[in-house]
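Enquirer: These protein sequences, in sequence, are chains E and X.
Residue numbering for the first sequence is 285 to 600, as defined by the working numbering.
Residue numbering for the second sequence is 285 to 600, as defined by the working numbering.
Structure incoming, see below.
There are 2 protein chains.
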Amino acid sequence: MLIGVDLGGTNIKVGIVNQEGQILYQNSRTTNPSRPYPLIIQDIIEQIEGCVSQLNGTVEDIKSIGIGIPGIAELQTGNVIYCTNLSWYDVPMGEMIRTHFNKPVYIENDATVAALAESVSGSTKGLANSVFLTLGTGVGGGIIINHKAYSGSHGAGSEIGHMIVGENFYECNCGRNGCLETFTSATAMIRYAQKRIREGVVDTEILNIAEGNIENITAKVIFDSAQKGDQLATEVVERMIKYLSIGIANIHNMLDPDRITIGGGVSKAGDALLEPLREAVAKLAFCKGVIYGDITLAQLGNDAGIIGAAFLGESL
Amino acid sequence: MLIGVDLGGTNIKVGIVNQEGQILYQNSRTTNPSRPYPLIIQDIIEQIEGCVSQLNGTVEDIKSIGIGIPGIAELQTGNVIYCTNLSWYDVPMGEMIRTHFNKPVYIENDATVAALAESVSGSTKGLANSVFLTLGTGVGGGIIINHKAYSGSHGAGSEIGHMIVGENFYECNCGRNGCLETFTSATAMIRYAQKRIREGVVDTEILNIAEGNIENITAKVIFDSAQKGDQLATEVVERMIKYLSIGIANIHNMLDPDRITIGGGVSKAGDALLEPLREAVAKLAFCKGVIYGDITLAQLGNDAGIIGAAFLGESL
């Protein structure tokens, strides 16, 4: 049995995954992240035991346990270096769960886990080298090299959202300026639209859909308005595409993967995102003689967390 | 016998390298790059035969032949996709040399080759993951992942010099704007100094050393002037450090290698480069709990081309 744990700021989801990357059973509890971490880890343990007994198995049937977290961990020891949403710093989650089950436990960043899931049974299935980007509140990245999850020598790699690609009008949460995340996340699109409206660009469909309140603006509102030909919305989308294409060109020039796949809330724009993005990336191609990896949408959605985590041990 | 070939725009250098990464014998010919490519390849073949007979060997003693080129090639087939300095496009060099010797032939970008050499017997020896940057006329990059040279799915990866990191006052040779190369190469430093002097900043030690002629400005002139406290030179060096630290922070956030090592002409500035660079990179650290890979100077200099090429077959 491969156990996958998707530890998020809102829910803890645990599932059993087969060798084809399908979830056989899963359960979920509320994270309640303000609790002391041993309680959260205790929940994970109980959820794993619940999964195993649901499939009429025993702990002995577990091959390995993988956990995806919204933070950075040492893959092998399972030490969580930090996990902002949970306010965790230096938490020995891997050791605690390993001690309980006496089974291998692996912990990785959730975007890396999603990248692995997509490469096991999703949009990058079977490809040796791929990169996964999730465009949501922030921008996360996962790198697959030679069919394996890659997150560097200290677990701090694949933070593609914090690639500096220019200068921006506001600082990133990480304290720096110009991170890809501040140009291409849903938050970035919303902030730029709000900024332009505050500057006086008020004749816009965005405000109509948002009922005149800039706090109601979402990435979907912006994409929907752009589809209707709205000028400001088009400007916001074009700006996002410009920087996302730079980020992807940088990935091409650095890692030259077989494919780049995009998930997260912003990816729900579908072709309205993909088509101009592919065009912009093609214009930035460095080596004209090379057919670079294509850009597609991720396929697994929320299941990627459990599936990828379950395969962490398999991809070593 | 491991044969390494360093095919440059000026010279063709061929050597025999032992398993410790030491050059046992080498020879050199002028490239004369305007010749038809079969003549250049014929020279390489003769130079290899010359090396082998110098060590009293035969062609049968050759284990593999590796070739580093200032361009992009398919590692396994040895097809040269392009090689600007030689005006080569789609040249089947690998096949021609393989057919002649009936031995494995591998071709890679010269910066990737140098990265491999440094990881075999230089500044990154024994490290699993490392990145090599060469700062010269342009900026080249080489990536080692899990002790192996990595250049992506189509041989077009590790082009770190063409990572877009901002907006610049001139376009890159590749036709795009904002490539790392246009901020951090020797050429970039010279162009920025020349621009500032043209703008009227003429009271500078740079012009004194350059005997009043901006065409005489070199990276060394700029570093030497900065060491003397010259204001413009300090500005030029600081600008270069600013963008190089962004490039290196992006490498940290993407690949999180054990070490980043710097070669090429600009690296001759030594501590005048390294010390402010390390300081600037530390300020950009994304994950405060992580001790990122350090930054050092490359050790092998011009030998890296032969040594790394010879090890291409060993690092598959």
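By construction, the Cβ of each residue, glycine as well, lies at the ideal position given by its N, Cα and C atoms.
Measuring alpha carbon to alpha carbon, tell me which residue in E:Gly-293, E:Phe-570, E:Tyr-309 is nearest Ile-591 (chain E).
Expert: E:Tyr-309
Enquirer: Please list the segments of the beta strand (DSSP E) lying wholly inside the segment 410-435 of chain E, counting only runs of 3 or more residues, in order along the chain.
Expert: 414-419, 423-429, 432-434
Enquirer: List the endpoints of the continuous alpha helix (DSSP H) containing Arg-382 (chain E).
Expert: 377-385
Enquirer: Look up Gly-299 (chain X) in the DSSP assignment and say whether it is helix, strand or coil.
Expert: Three-state DSSP puts Gly-299 (chain X) in a strand.
Enquirer: To the nearest angstrom, report how far apart Leu-419 (chain E) and Gln-306 (chain X) are at their CA atoms.
Expert: 48 angstroms
Enquirer: For chain X, find out if any of its Cβ atoms is closer than 9 angstroms to the Cβ of Pro-541 (chain E); answer yes or no.
Expert: yes
Enquirer: Tell me the DSSP secondary structure of Arg-460 (chain E) in three-state form.
Expert: coil
Enquirer: If you draw a straight line from the C-alpha of Ser-599 (chain X) to the C-alpha of Ala-433 (chain X), how long is it?
Expert: 7 angstroms
Enquirer: Using a C-beta cutoff of 9 angstroms, does Ser-348 (chain X) count as contacting chain E?
Expert: Judged by the 9 angstroms Cβ criterion, Ser-348 (chain X) is not in contact with chain E.
Enquirer: Is Ser-403 (chain E) close to chain X? Criterion is C-beta to C-beta, closer than 9 angstroms.
Expert: no
Enquirer: At the 9 angstroms Cβ level, is Ala-440 (chain X) part of the contact set with chain E, yes or no?
Expert: Chain E places a beta carbon closer than 9 angstroms to that of Ala-440 (chain X), counting this residue as a contact.
Enquirer: Compute the beta-carbon to beta-carbon distance between Ala-440 (chain X) and Ile-356 (chain X), rounded to the nearest angstrom, for a pair I have assumed lies under 8 angstroms.
Expert: So it is a contact: roughly 6 angstroms between Cβ atoms.
Enquirer: Taking 9 angstroms as the cut-off, decide whether the C-beta atoms of Val-423 (chain X) and Thr-368 (chain X) are in contact.
Expert: no
Enquirer: When Cβ atoms are compared, which residues of the segment 445-464 of chain E fall closer than 8 angstroms to chain X?
Expert: His-446, Met-447, Ile-448, Val-449, Gly-450, Glu-451, Cys-458, Arg-460, Gly-462
Enquirer: Any heavy atom of the ligand ZN closer than 8 angstroms to the beta-carbon of Ser-435 (chain E)?
Expert: For the structure depicted, the ligand ZN is absent and the ligand set is empty, with no information on it obtainable.
Enquirer: May I have the straight-line CA-CA distance separating Ile-381 (chain X) from Gly-554 (chain X), to the nearest angstrom?
Expert: Roughly 39 angstroms between the two C-alpha positions.
Enquirer: Only counting the same chain, and skipping five residues up and downstream in sequence, which positions put a Cβ closer than 7 angstroms to that of Gly-445 (chain E)?
Expert: Taking C-beta separations shorter than 7 angstroms and ignoring five residues to either side along the sequence, the partners of Gly-445 (chain E) in its chain run Gly-422, Val-423, Gly-424, Gly-425, Cys-463, Leu-464, Glu-465, following chain order.
Enquirer: Along the chain, where does the beta strand (DSSP E) that runs through Cys-335 (chain E) open and close?
Expert: Looking at the DSSP string, Cys-335 (chain E) is not in any beta strand (DSSP E); the run it does join, the alpha helix (DSSP H), is 321-338.
Enquirer: Bridge partners of Val-485 (chain X), per DSSP?
Expert: Val-485 (chain X) pairs with nothing; no bridge assigned.
Enquirer: Look at the Cβ atom of Met-285 (chain E), then the Cβ atom of Ile-329 (chain E), and state whether they are nearer than 9 angstroms.
Expert: no
Enquirer: Give the straight-line distance between the Cα atoms of Gly-496 (chain E) and Leu-528 (chain E), rounded to the nearest whole angstrom.
Expert: 28 angstroms
Enquirer: Applying the criterion that 16 or more other CB atoms from any shown protein chain within 10 Å of the CB defines a buried residue, is Asn-534 (chain X) buried or exposed?
Expert: buried
Enquirer: What's the C-alpha gap between Ile-546 (chain X) and Leu-557 (chain X)?
Expert: Straight-line Cα distance between these residues: approximately 10 angstroms.
Enquirer: From this set, E:Gln-360, E:Gly-299, E:Thr-408, E:Ala-588, which residue's C-alpha is nearest Thr-580 (chain E)'s C-alpha?
Expert: The residue from E:Gln-360, E:Gly-299, E:Thr-408, E:Ala-588 with its alpha-carbon nearest to that of Thr-580 (chain E) is E:Thr-408.
Enquirer: When the Cα atoms are used, what is the spatial distance from Glu-304 (chain X) to Met-538 (chain E)?
Expert: 29 angstroms
Enquirer: Could you name the residues of the same chain whose beta carbon sits closer than 7 angstroms to that of Ala-494 (chain E), not counting the 5 residues immediately before and after it, in chain order?
Expert: Asn-500, Ile-501, Val-505
Enquirer: Find the nearest neighbour of Arg-313 (chain X) within the set X:Val-298, X:Pro-322, X:Pro-320, X:Asn-302, judged by alpha-carbon distance.
Expert: X:Val-298
Enquirer: Would you mind stating whether Val-375 (chain X) and Asn-363 (chain X) have Cβ atoms separated by less than 9 angstroms?
Expert: A contact, by the Cβ cut-off of 9 angstroms.
Enquirer: Between the C-alpha atoms of Ala-594 (chain E) and His-384 (chain E), what's the straight-line distance to the nearest angstrom?
Expert: In this structure, the straight-line span from the alpha carbon of Ala-594 (chain E) to that of His-384 (chain E) is close to 18 angstroms.
Enquirer: So what does DSSP say about Glu-559 (chain E), is it helix, strand or coil?
Expert: Here Glu-559 (chain E) carries a helix assignment [DSSP, helix/strand/coil].
Enquirer: Rounded to whole angstroms, what is the Cα-Cα separation between Leu-596 (chain X) and Ser-414 (chain E)?
Expert: Leu-596 (chain X) and Ser-414 (chain E): Cα-Cα distance of roughly 23 angstroms.
Enquirer: Terminal residues of the continuous alpha helix (DSSP H) containing Gly-592 (chain E)?
Expert: 588-594
Enquirer: In angstroms with no decimal places, state the Cα-to-Cα distance between Glu-451 (chain X) and Glu-402 (chain X).
Expert: 32 angstroms
Enquirer: How about Ala-412 (chain E): is its C-beta nearer than 9 angstroms to some C-beta of chain X?
Expert: It does: the Cβ of Ala-412 (chain E) has a partner Cβ on chain X nearer than 9 angstroms.
Enquirer: Taking only three categories from DSSP, how would you classify Glu-392 (chain X)?
Expert: strand
Enquirer: Give the DSSP bridge partners of Val-364 (chain E), in chain order.
Expert: E:Ala-357, E:Val-375
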